[in-house]
Each structure stands twice: as structure tokens, then as C-alpha cells.
Amino acid sequence: MRKPMIRNLLVFIAIVLPLFVFAQVSSSNFAKSSVVYIQVSSKKTNGKVGLTHGTGWAWSWNSELYVVTALHVVAGMETITVRLANKFNERSSATLVKTFKKADLALLKLDRDIGLVPLDIDTVDPNSKPSLMIWGYPLSSRKINGKAIEFSYSLEKEPTLNSMLLGLNRKYLSELKEQGFPLLDVNIFQVETTITHGHSGAPIINDKGKVIGIANGGLKNGIYGLNWAIPSKYLPELANSQENSPNKVSIQGILLSGEVEVSEDTSEEEIYSYFDREEINSTINGGNGSELHRTWVASLEDIAYTMDDEDISAINDMIELEYIDLKDTFDVYEDYNTGITYAVPSGYEVNFEDDMYSVEGNDFTFGFSSVSNVPFNQANNQIDLFVDDIIQSFPDARISENLDDSFEMNSNDKTLDKIIYREVYFEGENYLLSVGGTAKGTDVGFIFIISRLPREMNYDELREYFLFTIAMSLFSLS
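For the sequence shown, the positions run 18 to 495 when this note's numbering is used.
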């Protein structure tokens, strides 16, 4: 398509995007000798072996050294291998010795000493804003990664998982209850910062080098991750638990593990070579520190599975048009710095130019970006500025009034979603603009579709249009 020149008008993103530098607190000194990479495997019905990983950390109880992780990382797995961050070739097999299902926690015993240094635990108010770091192995990385993390405020003095998951797909909640872990009445920390697969089980460490929580975040609402952590106060109950260990892979493990299937005779060198390539291939490096990761490839059916009933209804309305199918797949990308998620129909290449990620179709441009450290009371203004700049990229055009604009804001949760739709007549062509943004706390995401509207569309053109309309909807539903 002959698209308007928008690149100069998107310069404002570079202006509002601050230099984002994390203060690496003293927890880095503890993480290198205490935080471990946990690789797990399970046999599949097709004869192959499923491999995935999580994070764990050393903890001492009654003078015995253990590794703490999330139960959904190791539930139903046949082998568990633990590796140390600063000596990755130093490893030990491990045995699941204790589980505490209520809090989705597991305790592992190593078969040999690999030089782990145990971490102490501490407590914190779930509605406070302490200086915290999460240390783990996110996505496909074999390198330990530290990242600043913040809690979201809750109206509850001691928030529970039930309050966060209220309204999710009833079938999903029913299966979660049948699985038996985590229990919905467990206390949690609501985490504002993104937690992705590979982070499960990771310690959240304060500036004293003590663990105040364990990363969980094993559920999604559509394409958007629901992030929480388990308070360290549950660890004594884990150590004293007499529960039987689950023998099935968890729902969270199935949906969000980033699992890779290999033949039984695949060498360890080949496995890690695959993970390294996958990390490179699934990462798009943008400017100003932006980094986009493909975290999930899912069918529309998988995505809808974890939505609430209202959002499922909206997706079903689109399916009834018969140009899309529940089996259509989307690549789900996440900006690792902001946690903003975007869906792109599978098979389309995402490029980065002029502070914007974009996809070019036959008659449209689909673009998105995000920024950090924007005060929530300024988020709406930043989105309006973005919308105005997109509209003004059509100088002297005839522009329609409000077609079906939407705006939702929750000041308590510090979330905002805004989408506007305009029809534009510009230089003899008709365009449809869908432009907007979303905010979570101090992170703001921007998105747009500029579609040229021919007089007639064939089936393939209509199908492409609706797939990207759904991608836009998934963003606004997040």
C-alpha cells in the first residue's frame, strides 16, 4: 500500500522514552552462587521427550540444604537437573522431596554438592514499594538475569490469588481447582513487572540480599500475563509438609512452559544449541534499550481458553464472520522491559525502525511500541499524543467523527485501555485508522493499524484484515 509518512511523526516516542537504567542492588552478589537453572523433562505420547526449565534457589532448613522452586515447574516430571549460575557446567540431578500445593511450592534435594550458598528469607508488606530484584533464567536464556521488580497496590491488606483471577474463564478455573494447586485463597504479591516463563520459582530479593517472595505468574488472561509471587512466609509450611507430590504435569506447565520436544537420543550439546538459537531467533532488538521477545505461539483457541466470558464473546463474534478459525495461530511478543504484550498473526515478519515495531501487509501497516516510567496520570495524555500524530500524518484529509471508540480506566489497578477508529479520505484513497494504547502502572503501549480500503476485497484480503483486527483486539483486551 502507499502508506502515509509516519516515521517523522513517531519521533515523540524517542522523546518520552527515558533512559531506563536499573540500579543493580547488592542482591547480584548473592544470586550468582545461590540461584539455579532447573531443567526438567517428561516423556510425551509421541515417544519424544519434552524439555523445559524454571528457576530455583538455595535455602537451608534445619541445617539441610535444599532448592526451592515453583511446584508447577517440576510437577509430573521424570528428570530434574540443577545447574549453578556462575558455573553452568556444574550440575546435579535432584529429587522432589516436599510439596506445598496451596502456595505452588516445591523443595528439591540435590544428589551432589555443587557449591550452593543458601539465601535467608524476610517478610514485606504486599502493598509497599521496596527496592527489589528478581533473579532467574527468563525465556530461553541460560544466562542469569536480574531485573528490578515492583508490586501493584491492592485494596486488600493481604491480597489472595482468588481476587486476581476473579472473572477468568470458568472452565480454566474449574480445571485449576481440580488440579489442586495453587489454592485460590493463598496470599500473593501482585506484581506489576512482567514475569515470563523461565522465571517461575525465581527468588525476589530485597536490598539486604534476603528472599521475600518466589515468582509464580503461571497464568494468562488472553495474551496478557497475570503476574504474582508467593510470599516467603509459606516456606516453613513447605518444609514441614507431608503432602503427596502430584504425578501429572500442571496446567501452567502445559500452557506456559515454552516446552521443546526432542528425540530421546538428542545430545545435551544439541539441546543447548537449540535453546541458544531459539533465544536469538525469538528476540528483536529495538532502540533505546527496547527488546521484544516472542514468548508464545498459540492458536486463537488457546488464547481464548484463558479469557473471561465477555472477551470470549467478542472473539466469537469475529469467528462468526467465517474469515478466521480457532486454529489460526498468533505469535505473542512481550516487551521485556515493560511487560506489554502484542499478538501478530503467525507467518508475518516483525521489523524495527524509527522507534516502532511494524508489520507490512498487502494493504495495511500494523505498528506498536511501548515506553516506561510514564506517571499513570500522564498515560492518557501520551496515548492521545500518539493518536493525534497518527491522524495528522494525513494532512488536509477528510476525517470522520467517532466511529466506535472505546475507553476503560481503573485508577485503583492503574490500568487504562483506549482505542479510536476513524475513516480517512486522503489523496483519492479511503483509509481506516485504528489507533490507541494501553497502560499498566508506569508502562504505556501504543498500537495502530492503517488500512487502505479498496472498493472490493477478495477472501484472502478480508481474512488478513480480520486476523490483524483480532491482533488489535487482543492488545486492547489485555
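Idealized CB from N, CA, C, for every residue including glycine. Since this is a predicted model, take the numbers as computed values, not measurements.
Helix, strand or coil: which one does DSSP assign to residue i?
i: D460; result: strand
i: P143; result: coil
i: M474; result: coil
i: V57; result: strand
i: P248; result: strand
i: F465; result: strand
i: N179; result: helix
i: P220; result: strand
i: V404; result: helix
i: Q207; result: strand
i: F198; result: coil
i: E446; result: strand
i: A48; result: helix
i: A488; result: helix
i: E425; result: strand
i: S110; result: strand
i: S451; result: strand
i: A256; result: helix
i: F483; result: helix
i: E192; result: helix
i: K414; result: It is worth fixing the name first, because residue 414 is Ala in this sequence and not Lys. Coil at A414, not helix or strand.
i: T432; result: strand
i: G226; result: coil
i: I231; result: strand
i: I212; result: coil
Mark residue i as exposed unless 16 or more other C-beta atoms lie within 10 angstroms of its C-beta, in which case mark it buried.
i: R129; result: exposed
i: I297; result: exposed
i: R415; result: exposed
i: F347; result: buried
i: S6; result: The question about residue 6 has no answer, for the chain in this structure spans 18 to 495.
i: K164; result: buried
i: G153; result: buried
i: L309; result: buried
i: G234; result: buried
i: P199; result: buried
i: G453; result: buried
i: T140; result: exposed
i: N475; result: exposed
i: R294; result: exposed
i: S145; result: exposed
i: K115; result: buried
i: S330; result: exposed
i: L172; result: exposed
i: L125; result: buried
i: Q399; result: buried
i: N244; result: buried
Closer than 8 Å, CB to CB, is residue i near chain B or not?
i: T455; result: No chain B is part of this structure, which consists of one protein chain only.
Please look up how many angstroms separate the CB atoms of residue i and residue j, rounded, as I've assumed it's under 8 Å.
i: P220; j: I205; result: Incorrect: roughly 16 Å between the Cβ atoms, too far for contact.
i: G215; j: G71; result: 7 Å
i: I97; j: L113; result: 7 Å
i: D434; j: T459; result: The Cβ separation is near 16 Å, so there is no contact.
i: G218; j: T86; result: 3 Å
i: Y442; j: L450; result: Not confirmed; about 12 Å, so no contact.
i: D121; j: I247; result: 6 Å
i: F393; j: K344; result: The Cβ separation is near 38 Å, so there is no contact.
i: Y291; j: V277; result: 6 Å
i: L317; j: I301; result: In fact, because the Cβ distance is near 23 Å, the residues do not count as touching under 8 Å.
i: L156; j: T312; result: 7 Å
i: R480; j: Y289; result: Not really, about 39 Å apart at Cβ, beyond 8 Å.
i: K65; j: S280; result: 6 Å
i: Y350; j: Y359; result: 5 Å
i: I268; j: L193; result: 6 Å
At a cut-off of 7 Å, is residue i close to the ligand PLP when judged by its beta-carbon and the heavy atoms of the ligand?
i: K265; result: Ligands in the displayed structure: none, and consequently the ligand PLP is not present.
### Complete runs of the alpha helix (DSSP H) confined to the stretch 353-399 [at least 4 residues]
The DSSP assignment places no complete run of the alpha helix (DSSP H) inside the stretch 353-399 (cut-off: 4 residues).
### Query
Counting Cβ pairs closer than 8 Å, one from the stretch 97-111 and one from the stretch 53-67, do we hit at least three?
As far as the Cβ criterion goes, the stretch 97-111 touches the stretch 53-67, which means the pair count is three or higher.
### Message
Taking 8 Å as the cut-off, does the stretch 399-418 touch the stretch 479-490 (at least 3 CB pairs, one atom from each stretch)?
### Response
Taking 8 Å as the limit for Cβ pairs, the verdict is that the stretch 399-418 does not touch the stretch 479-490.
### Query
Can you give, in chain order, each stretch of the beta strand (DSSP E) that sits fully within the stretch 262-350 and has at least 3 residues?
Secondary structure remark: continuous beta strand (DSSP E) runs of at least 3 residues inside the stretch 262-350, in chain order: 277-279, 300-302, 308-316.
### Query
Pairing CB atoms from the stretch 347-356 with CB atoms from the stretch 421-430, are three or more of them under 8 Å?
The stretch 347-356 makes no contact with the stretch 421-430: fewer than 3 CB pairs, one atom from each, lie closer than 8 Å.
### Query
Considering only residues of the stretch 57-107, which uninterrupted alpha helix (DSSP H) runs meet the minimum length of 4 residues and lie entirely inside it, listed in chain order?
Runs found: 88-91.
### the stretch 194-214 / the stretch 129-139 touching (three or more Cβ pairs under 8 Å)
Taking a cut-off of 8 Å for Cβ pairs, the stretch 194-214 and the stretch 129-139 do not touch, as fewer than three such pairs fall below it.
### Query
Would you call the stretch 382-395 and the stretch 455-467 touching, i.e. three or more CB-CB distances under 8 Å?
For the pair of segments examined, the stretch 382-395 was found to touch the stretch 455-467: the number of CB pairs separated by less than 8 Å reaches three.
### Query
Which runs of the alpha helix (DSSP H), 4 residues or longer, sit entirely within the stretch 112-172?
As far as the stretch 112-172 is concerned, it has no whole alpha helix (DSSP H) run of at least 4 residues.
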